[in-house]
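> Below is one structure. I have some questions about it.
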Amino acid sequence: MCTDEHATPLTTQRAVVLYLSAKTVTSQRGSPAARYDLPSVRAFLDAVAACGCSAGVAATTAKDDDDEWDLISFKTLLGVTGWMAGPSMLQQHNVPHTVLTTMPSVVDQLRGVASVEHVMADDMPARVHALASTPGRSLTLIHVSVDDYSAALDGTLLALLAERRDTFFGVFLETPKQSLPSDQRYEARTLFPLPKQSWAKQRNEYITKPVESQRALAYAFYAQDQVRPDGLSSFNVPAMLSSGGYGILRIDAALAEVVFRLGYSPKYGA
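Our numbering applies: residue 874 is where the sequence shown begins, and numbers increase by one.
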């Protein structure tokens, strides 16, 4: 599954990206009071982390009165903010895509700015497999809460990881109990000052808010022959946030790289 025997171009035929929401208030199965850092079944998450590379992801700190708190980070991933904003990054680059979600509120807020489907949790594995098997360069983005992430979905994704060698796989996990390491750890670098970081650039401007105040997500990704492993053996959230091999990314830059790997946009840059 993790072997890299032959070099290939930095493009992929399709992408399957899993986004795990820590909030269960809108999930189908979870108690409103339940909050988890990791799903109980996570063989797919561990495999992606072990085969691939990881990063800490900095999401928005802005609060939108017209938005639900538990959707802001996901919408920022797509380049969408507020009720009336659009189009999404996927529409801007004409990326064939489908967003699958178990949450009706996600469908409501993405209607018109992304191709989105509401799927019952029990039906999600079959729908994911069908989309991942469709010919053509496309993105399948799965949005579920940790509670709605089932053993069946985990098994389906793990099988795809083993079978689809032309596919990019990514996993985002919201981590409300974790934070990104402070940039103050670089202050001792007086001989060669730290340059402005690409993770901090949004809409052609560099944000100035400290990184530790950002909403933190853990991110692991893998594409055969295209990703250098960073040595993790499992989806270890603290290690990914503090010392992941890919450093720190803005959440929208993470999706921009997936779009680039699919061949629909130039390489994003700082």
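Built from N, CA and C at the ideal position, the CB exists for glycine as well.
Please state whether DSSP places Asp877 in a helix, a strand or coil.
A caution first: Asp877 carries a pLDDT of 48, below 50, which makes its placement in the model unreliable, though a value can still be read off. Asp877 falls in the coil class under three-state DSSP.
> Assign Glu1060 to one of three DSSP states: helix, strand, or coil.
Summary for Glu1060: the model assigns pLDDT 49, below 50, so the residue's position carries little reliability; its value from the coordinates is reported in the next sentence. Looking at Glu1060 - three-state DSSP - the assignment turns out to be coil, as it is neither helix nor strand.
> From Leu1034 to Gly985, what does the alpha carbon distance come to, in whole angstroms?
31 angstroms
> Pick from Gly1009, Ser1138 and Asp1027: whose alpha carbon is nearest that of Asp996?
By alpha-carbon distance to Asp996, the top candidate from Gly1009, Ser1138 and Asp1027 is Asp1027.
> Is it the case that the Cβ atoms of Leu1053 and Ala999 are separated by a distance below 8 angstroms?
no
> Could you tell me whether any Cβ in chain D is nearer than 8 angstroms to the Cβ of Gly1136?
Protein chain content of the structure displayed is limited to a single chain, and chain D is not contained in it.
> What does a CB cutoff of less than 8 angstroms around Arg1038 pick up in its chain, not counting 5 residues either side in sequence?
Result list for Arg1038: Gln1097, in chain order.
> Are Val889 and Ala987 close, meaning C-beta to C-beta below 8 angstroms?
no
> Tell me whether Trp942 is buried or exposed, calling it buried when 16 or more other Cβ atoms sit within 10 Å of its Cβ.
In this prediction, Trp942 has a pLDDT of 47, which is less than 50 and means its spatial position is unreliable; nothing more can be read from the coordinates.
> Are Ala1112 and Met962 closer than 8 angstroms when you measure CB to CB?
no
> Taking the beta strand (DSSP E) that His991 falls in, what are its first and last residues?
Val989 to His991
> Measuring alpha carbon to alpha carbon, tell me which residue in Val968, Pro969, Ile1015 and Thr1029 is nearest Val980.
Ile1015
> Let me know if Gln965 comes out buried or exposed under the rule of 16 or more other beta-carbons within 10 Å of its beta-carbon.
exposed
> Contact defined as beta carbons within less than 8 angstroms: I believe Val921 pairs with Phe1094. What is the distance between those atoms, to the nearest angstrom?
7 angstroms
> Can you tell me where the alpha helix (DSSP H) holding His1002 begins and where it ends?
Met997 to Ala1005
> The alpha helix (DSSP H) spanning Ala1025 covers which residue range?
Boundaries of the alpha helix (DSSP H) around Ala1025: Ala1024 to Glu1036.
> Suppose contacts are defined by Cβ-Cβ distances below 8 angstroms. Is Leu1046 in contact with Thr1013 by that definition?
For Leu1046 and Thr1013, no; Cβs fall outside 8 angstroms.
> Could you round the C-beta distance between Asp1103 and Cys924 to whole angstroms and report it? I think they count as a contact, below 8 angstroms.
Rounded, the Cβ-Cβ distance is 11 angstroms, inconsistent with contact.
> DSSP three-state label for Arg887, please.
Arg887: strand per DSSP, three-state reduction.
> Helix, strand or coil for Phe1041, going by three-state DSSP, please let me know.
Three-state DSSP puts Phe1041 in a strand.
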